[in-house]
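*Asks:* First residue of the sequence shown: 523, per this note's numbering; consecutive thereafter.
Just so you know, even glycine gets a beta-carbon here, dropped at the ideal spot from N, CA and C.
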Amino acid sequence: MTAVIADLRDIEFVLYDQFHVQNLTKHKRYLEFNRKSFDMIIGEARKLAIKEILPTFSIGDQQGVRFENGNVQVPECFHKPCRIMVEDGWTALSEDVEKGGQGLPCMVSHAILEYLAGANYCLWSYVHFGHGTGKMIDLYGSERQKKLYLEKLFTGQWGGTMLLTESQAGSDLSLIETTALRNDDGTYSLTGSKLFITSGEHDVTDNIIHPVLARVQGAPGGTQGISIFIVPKFWVNDDGSLGDRNDIVCTGIEEKMGIHGGATCSMALGSRGICRGLLLGEENQGLKIMFHMMNETRIFTGFQAFTNASAAYLWALDYAKTRIQGRSLTKNKAGEYPLVPIIEHPDVRRMLMSMRARVDGMRSLIYYVQSLVEHSRLASSETEREAADDLVSFFTPIVKTYCAEHGFNVCIDAIQVFGGVGYTRDYPVEQLARDCKITSIYEGTSGVQAMDLVGRKLAMKGGAVAKDFLAGIRRTSATAKKTASLRDLADKVDKGTDALETALESLLAKKKNDIRSAFAHAHPLLDATGDVTLAWMHLWRSCTALEKLESKGKKSEVFLEGIVKTADFFISNVLPITMGKLESIKNGSNAAVDIDTLAFG
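#1: DSSP has VAL734 in a bridge; who is on the other side?
#2: Out of GLY622, ASN806 and GLY682, point me to the one whose CA is closest to ALA702's CA.
#3: Which one or two residues does DSSP pair with LEU791 in a beta bridge?
#4: Given HIS1043, which residues of its chain have a CB within under 7 Å of its CB, disregarding the five upstream and five downstream residues?
#5: Between the Cα of VAL891 and the Cα atoms of CYS604, GLN667, PHE1091 and PRO919, which residue gives the shortest distance?
#6: Here's the rule: buried if 16 or more other CB atoms are within 10 angstroms of the residue's CB, otherwise exposed. What is GLN746?
#7: Should the region 780-799 be called in touch with the region 888-903, which here means at least 3 C-beta pairs below 8 Å?
#8: Alpha carbon to alpha carbon, how far is PHE1041 from LYS979? Give it in angstroms, no decimals.
#9: According to DSSP, is GLU699 helix, strand or coil?
#10: Counting C-beta neighbours from all protein chains within 10 Å, is the total for GLY740 16 or more, i.e. buried, or is it exposed?
#11: In whole angstroms, what separates the C-alpha of LEU679 from that of LYS669?
#12: So, helix, strand or coil for GLU720, using DSSP?
#13: Since ASN593 sits in a beta bridge, which residues does DSSP pair it with?
#14: Would you call ILE719 buried or exposed, if buried means 16 or more other Cβ atoms sit within 10 Å of its Cβ?
#15: Suppose you measure from the CA of LYS674 to the CA of LEU615; what does that come to, to the nearest Å?
#16: So if DSSP puts GLY799 in a beta bridge, which residue, or which two residues, is it bridged to?
#17: Consult DSSP for LEU894 and reduce its assignment to one of helix, strand or coil.
#18: Only counting runs of 4 or more residues, tell me where the alpha helix (DSSP H) segments fall wholly within the region 851-883, in order along the chain.
#19: Suppose the cutoff is 7 Å on Cβ atoms and the five residues either side in sequence are ignored; what does the same chain contact list for ILE770 look like?
#20: Does the distance from the CB of ALA955 to the CB of ILE934 come in under 8 Å?
#21: Taking 8 Å as the cut-off, decide whether the C-beta atoms of ARG531 and PHE1081 are in contact.
#22: Less than 8 Å between the C-beta atoms of ILE659 and ILE564, yes or no?
#23: Run through DSSP, which three-state label would ASN535 get?
#24: Nearest to GLY762 by alpha carbon, out of ILE575, ARG737, ARG666 and HIS653?
#25: What whole-angstrom Cβ distance do LYS657 and MET815 have, given they're in contact under 8 Å?
#26: Taking the DSSP output, what are the residues bridged to VAL758?
#27: Between ALA1151 and VAL619, what straight-line distance do the alpha-carbon atoms span, to the nearest angstrom?
#28: Mark PRO597 as exposed unless 16 or more other C-beta atoms lie within 10 angstroms of its C-beta, in which case mark it buried.
#29: Over what stretch of residues does the beta strand (DSSP E) that includes ARG849 continue unbroken?
#30: What residues match up with THR786 in a beta bridge as DSSP calls it?
#31: Quick test of the definition: if touching needs 3 or more C-beta pairs under 8 Å, does the region 1017-1031 touch the region 944-961?
#32: Taking DSSP as the reference, what is the three-state secondary structure of ILE581?
#33: Going by Cα to Cα distance, which pick from SER715, SER696 and GLY681 is closest to SER689?
#34: From GLY808 to THR700, what distance separates their C-alpha atoms?
#35: Let me know the secondary structure DSSP gives ARG978 once reduced to three states.
#36: Just mark SER749 as buried or exposed, buried being the case when its beta carbon has 16 or more other beta carbons within 10 Å.
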């Protein structure tokens, strides 16, 4: 079978036709680029992914990571691709060149990451996680901290992590017990333990920089008293050289359902001596700083699930085209019922269409959010920047949860298309499903994201941000109605949008009087919001495709016509189910919160 990761044709459609990323090259920040250079860089990433990274996908899963005497060894096959990515500058793609990045637009960097991260997320994370650590230092660190750490983190020469979770403090960070004691030299001595730390220890990079949440001795309780510290595996001298080994050690790794090539570590600080750290920002500002990284990471977690789904769909599509099984339901010209590839069977076509609709819709959603990130970056006024940032914040729990859950569902459907062999390790779809499942759990579970949407995001700016979101859908619908063939789809999206608005208002009102009931319906609301959002993306894609066909003189083109058919499938088949969800939310039963706990058994 053909090695597949991402759909280049659809990537180009979203980049250049739907979001016109080539127009950014007129901005002074991107004058050195053009569409040809974007295509060349994406093409090189694709070659690297297929040649060097994808072959490690199954091997890394089978070998896993090894833990010996506090050291973690990643699969041997990971080292060469990681070295290439660092040496050739495939990290921190959208950061400024002078800081160690490549200076690319956010959407183009995500097109590249569809291949690099999509080929093997576990491998890629070892050289990329330093970016999130570096970003916090870039925004909140001192000049000395930036000088010592920033370039090495952005270029992937050093790894990075985020040490939040403790055994008693998962989603509730107010329970953190790791402590920090001020030293006379301006450093802090940290004591405590953390768990579920991605890439907490490994042998890919010479050093790992750990941002650690801890409470300074005497700080207020709760989340108000949490600070964040830079804790390097090896202390960094003033000249940038590595000094003594710090007392932050790995005490074990998790045996997991998936992502076997990724090191998920338990970490101990100060258990053997003195663990030194540097305060990042100001004391008691830890959550504010951490959540800047966390929100970016949550969006990328949705992206991670999307790349799993993209690969799973393409594997299933390739298999369905070549697997001969069963006979045609209709006679051929010779009056016979010949054997056919399974893609000819209606139920297989239904599954493939459902998978494609989710994948293509998620791609447009993710790139749309990245266009908002770019808009904030290039904004000419604070008002413009704030408006873009607010929408990014609004979409964060939707991208994270909707892509995580429906990305996983796409992987499950891929197994179903393969049939019995899909449940074996002969093909990669079972691994994609196992790897994808974590995305609805880490970086804030689906339930936490739903509470964030209902508890915070819907009420942002007095509900104005949610109204901006709904207005965006209606603008696209108004455009679609100018094309006769799209009016019916636009009407259905309008009805879905109106029903969503009613459900949003209903749940906000319910939250004021019965917060438990409101939160019991928060996850269904988030899922329905995601459905309507994807319907919007598909309608937008259809407008773009038909406009492109019009420019070709109405010449038939299968790819563009397929975009409209996919939109028809999603809007006509999924949105009616969503309407039922929204009606259920509006008239929701309180049984889940009213039932006596003992009645569960």
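*Replies:* Well, looking at it:
#1: Stepping through the sequence shown from its first residue, residue 734 is reached at position 212. Note: VAL734 sits in a beta bridge opposite LEU685 and PHE751.
#2: Start at 1 with the first residue of the sequence shown, and residue 702 comes out as number 180. For ALA702, the closest C-alpha among the options GLY622, ASN806 and GLY682 is that of ASN806.
#3: To locate residue 791, count along the sequence shown from 1; it is residue 269. Answer by DSSP bridge pairing, in chain order: GLY714 and ILE770.
#4: On the sequence shown, position 521 is the one that residue 1043 refers to. For HIS1043, where only same-chain residues beyond five positions count, the Cβ hits under 7 Å are LEU1029, ILE1107 and GLY1110.
#5: The count along the sequence shown starts at 1 and reaches residue 891 at position 369. Checking every option, the nearest Cα to that of VAL891 belongs to PRO919.
#6: Residue numbering aside, residue 746 sits at position 224 when the sequence shown is read from its first letter. With a threshold of 16 other beta carbon atoms within 10 Å, GLN746 falls short and is exposed.
#7: no
#8: Counting from 1 along the sequence shown, the entry for residue 979 is found at position 457. Counting from 1 along the sequence shown, the entry for residue 1041 is found at position 519. Whole-angstrom Cα-Cα distance: 13 Å.
#9: Residue numbering aside, residue 699 sits at position 177 when the sequence shown is read from its first letter. GLU699: coil per DSSP, three-state reduction.
#10: As a position in the sequence shown, residue 740 is number 218, starting the count at 1. Per the 10 Å Cβ criterion, exposed.
#11: Along the sequence shown, read from residue 1 onward, the residue named residue 679 stands at position 157. Along the sequence shown, read from residue 1 onward, the residue named residue 669 stands at position 147. According to the sequence shown, residue 679 is Gln rather than Leu. Their backbone Cα atoms lie some 14 Å apart in a straight line.
#12: As a first step, residue 720 is located in the sequence shown; it is residue number 198 there, counting from the start. Per the sequence presented here, residue 720 reads as Thr, with Glu not at that position. Reduced to three states, the DSSP call for THR720 is strand.
#13: The sequence position of residue 593 within the sequence shown is 71, counting from 1. Per DSSP, GLU590.
#14: Here residue 719 refers to the residue found at position 197 when the sequence shown is read from its first residue. ILE719 is buried by the Cβ-count criterion.
#15: Numbered from its first residue, the sequence shown carries residue 674 at position 152. Numbered from its first residue, the sequence shown carries residue 615 at position 93. Approximately 14 Å between the Cα atoms of the pair.
#16: Here residue 799 refers to the residue found at position 277 of the sequence shown. DSSP, once it has assigned bridges, lists TYR710 as partnering GLY799.
#17: Numbered from 1 along the sequence shown, position 372 holds the residue referred to as residue 894. Residue state, collapsed to three classes: helix.
#18: none
#19: Taking the sequence shown and counting its residues from 1, the one referred to as residue 770 is at position 248. HIS732, VAL753, LYS755, MET789, LEU791 and CYS797, listed in sequence order.
#20: The count along the sequence shown starts at 1 and reaches residue 955 at position 433. The count along the sequence shown starts at 1 and reaches residue 934 at position 412. Yes. Within cutoff.
#21: For the purposes of this step, residue 531 is taken as residue 9 along the sequence shown, with counting starting at 1. For the purposes of this step, residue 1081 is taken as residue 559 along the sequence shown, with counting starting at 1. Result yes, Cβ atoms of ARG531 and PHE1081 sit closer than 8 Å.
#22: As a first step, residue 659 is located in the sequence shown; it is residue number 137 there, counting from the start. As a first step, residue 564 is located in the sequence shown; it is residue number 42 there, counting from the start. No, Cβ-Cβ distance for ILE659 and ILE564 is not below 8 Å.
#23: Stepping through the sequence shown from its first residue, residue 535 is reached at position 13. Here residue 535 is Phe; the residue named in the question, Asn, does not match the sequence. PHE535 falls in the helix class under three-state DSSP.
#24: For this step, residue 762 is matched to residue 240 along the sequence shown. The shortest Cα separation from GLY762 among ILE575, ARG737, ARG666 and HIS653 belongs to ARG666.
#25: For the purposes of this step, residue 657 is identified with residue 135 of the sequence shown, where counting begins at 1. For the purposes of this step, residue 815 is identified with residue 293 of the sequence shown, where counting begins at 1. Confirmed, Cβ separation roughly 6 Å.
#26: For the purposes of this step, residue 758 is identified with residue 236 of the sequence shown, where counting begins at 1. The partner list for VAL758 (beta bridge, DSSP) reads LEU764.
#27: An answer regarding residue 1151 cannot be provided, because it is not within the stretch 523 to 1123 covered by the chain.
#28: The count along the sequence shown starts at 1 and reaches residue 597 at position 75. When all chains shown are included, PRO597 counts as buried.
#29: Within the sequence shown, the letter at position 327 stands for residue 849. It spans 846-849 - the beta strand (DSSP E) in which ARG849 sits, taken as one unbroken run.
#30: On the sequence shown, residue 786 is found 264 positions in, with the first residue counted as 1. BP columns for THR786 point to THR720.
#31: Segments in contact, no.
#32: Translated into the one-based positions of the sequence shown, residue 581 becomes position 59. DSSP, reduced to helix, strand and coil, places ILE581 within a helical segment of the structure shown.
#33: Here residue 689 refers to the residue found at position 167 of the sequence shown. Ranking SER715, SER696 and GLY681 by Cα distance to SER689 puts SER715 first.
#34: The count along the sequence shown starts at 1 and reaches residue 808 at position 286. The count along the sequence shown starts at 1 and reaches residue 700 at position 178. Each residue's alpha carbon lies about 13 Å from the other.
#35: As a working note, residue 978 is residue 456 in the sequence shown. Here ARG978 carries a coil assignment [DSSP, helix/strand/coil].
#36: In the sequence shown, counting from the first residue as 1, residue 749 sits at position 227. Buried: at least 16 other Cβ atoms inside 10 Å.
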